[in-house]
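Under the working numbering, the first residue of the sequence shown is numbered 10, with each subsequent residue one higher. The C-beta atom is built at its ideal place from N, Cα and C for all residues, glycine as well.
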Amino acid sequence: MARKERRPSRAIEHARLLEAAKSVHVPPQVDVCVAGGGAGGLVAAILAAERGASVVVLERDVECGRTILATGNGRCNFANARLDPELYNEPDFVRDVCGDSWLDDVLGFFADCGLAWEEEAEGRLYPLSRQAASVRNVLVSRARRAGVTLATAREVVGLRPSKDGFEVTVREAFGPQGTSCLRAQVAIIATGGGSLANGNQLCSDLGMPIQPDEPVLCPLACEGLLPPELDGRRVRSEVTLKRNGRVLQRRHGEVLFRPYGLSGIVVFDLSRFAGAGDVLELDLLPGLDAVRAEKLGRDTLDGLLDPIVAASLVAHAGDLRRALGLAKSLPYRVTGPAEANRAQVTRGGLLVNAFDPRTLRAKDDASAMARLYACGEALDVDGPCGGYNLAWAWKSGMVAGTAAAKETSR
Ligand SMILES: Cc1cc2nc3c(=O)[nH]c(=O)nc-3n(C[C@H](O)[C@H](O)[C@H](O)COP(=O)(O)OP(=O)(O)OC[C@H]3O[C@@H](n4cnc5c(N)ncnc54)[C@H](O)[C@@H]3O)c2cc1C
């Protein structure tokens with residue numbers, strides 16, 4: 010009888026990856042050192058290496074691209090067919106960095122990697138396999154083909170300017186020595202969101218203006234009228250974000266009730282704009298005006314709403330008419346972000362006005378450091394759900410990697 014193949018346990022797999030990381034030879038001197046082997050860092054490394062630079066990626070995790078594996082619920086919504094700089098917190102900077110051919114550049118890059126993709130609702134682009142591993146793997150393969158040294162289990166803990174570039178201090182997750190050093194002509198900061206948080210040595214080494222991090226694209230803790238027992242119920246709604254009665258934003262889509270407040274993609278997107286004290290007003294019957302809703306719901310709300318949500322509304326309101334009123338305008342007062350450790354993106358990081366948008370090189374007057382570049386979420390750029398954040402990471406990685414290679418070839 011054929012024996013079933015068993016997958017190695019996590020601990021065994023981790024030990025194997027650590028051993029593989031240890032065996033990677035890191036050259037003592039390179040043209041380009043990329044700190045962080047995630048979405049932006051891998052793309053930057055590929056483009057720099059393909060233009061002739063010697064490149065090392067230093068990644069603190071035991072594998073490159075692990076963040077990519079978690080995206081889009083493991084399916085990786087890697088870009089959007091309707092990219093628009095206006096949807097980001099720094100629209101002018103994003104426009105200047107990404108240019109007019111942003112989408113074509115990203116898709117051309119992935120086509121060259123051998124990735125096929127498909128478009129879903131709202132322009133969301135996914136790999137044909139619907140597996141985030143497809144995206145991660147084509148990047149890692151292309152990086153290897155280009156000759157990039159992928160040095161995993163190595164965290165960049167220091168960057169010191171030296172005569173001809175940087176001295177990079179690396180903390181290794183293996184071996185007795187603990188730290189090692191290498192020299193690089195240029196460095197690209199691609200350490201992702203939250204990586205330059207308070208007290209981080211790298212952050213103070215950079216000597217650059219850094220905006221403290223705050224979670225965005227996350228659920229919101231709210232005070233609402235409906236009981237926590239609705240946890241897990243999903244409703245299609247129109248959600249209006251209001252501040253002192255003024256409308257800030259409005260979105261359509263699915264809202265998920267949680268014991269602490271509200272979740273779902275619509276709420277994630279609104280979390281980029283919401284602050285404590287703001288109100289999320291849910292219209293649970295967005296396709297029905299009040300008159301028609303009243304006519305249809307004169308005997309029961311079960312034909313209009315999820316019956317469990319309907320029962321909860323009626324129990325709270327006391328009668329059908331008032332319950333209908335609530336269904337059209339159900340207020341939730343925001344108290345702050347929830348499950349912040351699971352936020353998809355952090356706002357904050359390196360301030361964009363310290364970087365030249367044509368190259369993503371730190372402006373000379375903004376840094377004590379020569380030849381410092383940045384890409385992805387390490388910069389203070391964030392966009393909505395739907396593939397916009399990865400699209401930024403890819404394109405900014407392309408810009409930084411290309412410019413870094415040009416600088417080292419001079
Ligand atoms: C659960 C989840 C789902 C998401 N889904 C989507 C989605 O479907 N579509 C979308 O567009 N966006 C999505 N995002 C956001 C997207 O993943 C990020 O915006 C994107 O990965 C940012 O790219 P980056 O290269 O800047 O950072 P990352 O991809 O996070 O890479 C940074 C890398 O740097 C490493 N690192 C950090 N500090 C150091 C250091 N000091 N030394 C060495 N290495 C270091 C990290 O280990 C990491 O590998 C999601 C995020 C999360 C958390």
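(request) Just the C-alpha distance for Thr309 and Ala299, rounded to the nearest angstrom, thanks. (result) Each residue's Cα considered, the two are about 15 Å apart.
(message) For a test of your reading of the model: does the CB of Asn86 fall under 7 Å from any non-hydrogen atom of ligand 1? Yes or no.
(response) yes
(message) Is Pro221 close to chain D? Criterion is C-beta to C-beta, closer than 8 Å.
(response) Any reference to chain D falls outside this structure, which holds one protein chain only.
(request) Could you check the C-alpha separation between Leu271 and Ala349 for me, to the nearest Å? (result) 13 Å
(message) Quick check: does the Cβ of Arg60 come within less than 7 Å of any heavy atom belonging to ligand 1?
(response) no
(message) Tell me which residues share the same chain as Gly83 and place their Cβ nearer than 6 Å to its Cβ, disregarding the 5 neighbours each side in the sequence.
(response) Excluding positions up to five away in sequence, the list reads Ala141.
(request) Can you grab the Cα-Cα spacing for the pair Pro36 / Ile77, in whole Å? (result) 27 Å
(message) As an exercise, report each continuous beta strand (DSSP E) stretch of at least 3 residues that is fully enclosed by the stretch 16 to 91, in chain order.
(response) Qualifying beta strand (DSSP E) stretches, in chain order: 38 to 44 and 64 to 67.
(request) Give every residue of the same chain whose Cβ lies closer than 7 Å to the Cβ of Thr417, excluding the five residues on either side of it in the sequence, and list them in chain order. (result) Asp40, Val41, Ala62, Gln194 and Val195
(request) Would you decide whether Lys172 is buried or exposed? Buried here means 16 or more other CB atoms lie within 10 Å of its CB. (result) exposed
(request) Reducing DSSP to helix, strand and coil, say where Arg419 ends up. (result) coil
(message) Assuming Leu291 and Val354 are in contact, meaning their beta carbons sit under 8 Å apart, how far apart are those beta carbons, in whole angstroms?
(response) Going by Cβ atoms, the distance from Leu291 to Val354 rounds to 24 Å, so no, they are not a contact pair.
(message) Is Gly156 close to ligand 1? I mean its beta-carbon at under 7 Å from any heavy atom of the ligand.
(response) no
(request) Starting from Val5, follow its DSSP beta bridges and name the residues at the other end. (result) What is shown of the chain runs 10 to 419, which leaves residue 5 out entirely.
(request) In the DSSP assignment, find the beta strand (DSSP E) that holds Leu339 and state where it starts and stops. (result) Leu339 to Pro346
(request) Report yes if the CB atom of Gly74 is closer than 8 Å to the CB atom of Gly46, and no otherwise. (result) yes
(message) Which residue wins for smallest C-alpha separation from Ala152, given the options Leu51, Leu360, Val343 and Pro185?
(response) Relative to the Cα of Ala152, the nearest Cα in the group Leu51, Leu360, Val343 and Pro185 belongs to Leu51.
(message) If you reduce the DSSP assignment to three classes, tell me which class Gln210 lands in.
(response) Here Gln210 sits in helix by DSSP.
(request) For my contact list, Trp403 and Val103 are in at a C-beta cut-off of 8 Å; report their separation, rounded to the angstrom. (result) Contact doesn't hold; Cβ gap of about 13 Å is too wide.
(request) Quick one: measure Cβ to Cβ for Gly201 and Gly385, integer angstroms, because I've assumed they're closer than 8 Å. (result) 6 Å between Cβ atoms; contact.
(message) Any heavy atom of ligand 1 closer than 7 Å to the beta-carbon of Glu99?
(response) no
(request) Could you tell me if Val256 is buried or exposed, where buried requires 16 or more neighbouring beta carbons within 10 angstroms of its beta carbon? (result) exposed
(request) Just mark Thr188 as buried or exposed, buried being the case when its beta carbon has 16 or more other beta carbons within 10 Å. (result) exposed
(message) Could you tell me which whole beta strand (DSSP E) segments of length 3 or greater appear in the stretch 226 to 301?
(response) Counting only runs of 3 or more, we get 229 to 233, 243 to 252, 255 to 267, 270 to 272 and 288 to 292.
(message) For a test of your reading of the model: does the CB of Leu96 fall under 7 Å from any non-hydrogen atom of ligand 1? Yes or no.
(response) no
(request) Return yes when the Cβ of Thr158 is within less than 8 Å of the Cβ of Val65, no when it is not. (result) With a cutoff of 8 Å on beta-carbon distance, Val65 and Thr158 are scored as near each other.
(message) What does the alpha-carbon distance come out to for the pair Val115 and Trp126?
(response) Straight-line Cα distance between these residues: approximately 12 Å.
(message) Closest to Ala30 by C-alpha separation, out of Ser138, Glu131, Ala160 and Pro346, would be which residue?
(response) Ala160
(message) Just to confirm my understanding: we take Tyr269, look at its own chain, exclude 5 residues before and 5 after, and list those with CB closer than 7 Å. What are they?
(response) Ala230 and Ala347
(request) Pull up the DSSP beta-bridge partners for Ser189, would you. (result) Note: Ser189 sits in a beta bridge opposite Val179.
(request) On a CA-only basis, which of Gly156, Arg331 and Met407 is nearest Ala113? Give me that one, please. (result) Here residue 113 is Asp; the residue named in the question, Ala, does not match the sequence. Selected option, being the one with the closest Cα: Met407.
(message) Let me make sure I understand the geometry here. Which of Arg419, Leu26, Asp311 and Arg380 has the alpha-carbon closest to that of Phe183?
(response) It is Leu26 whose Cα lies nearest to the Cα of Phe183.
(message) On the DSSP letters alone, give me the boundaries of the alpha helix (DSSP H) that Gly117 sits inside.
(response) Segment Trp111 to Cys122, the alpha helix (DSSP H) holding Gly117.
(request) Answer yes or no: do Leu293 and Leu314 have a C-beta to C-beta separation smaller than 8 Å? (result) In contact: Leu293 and Leu314 (Cβ atoms closer than 8 Å).
(message) If you follow the beta strand (DSSP E) that Pro136 is in, where does it begin and where does it stop?
(response) Arg133 to Pro136
(request) For the alpha helix (DSSP H) containing Leu359, list its first residue and its last residue. (result) That residue, Leu359, is in no alpha helix (DSSP H); its beta strand (DSSP E) goes Val354 to Leu359.
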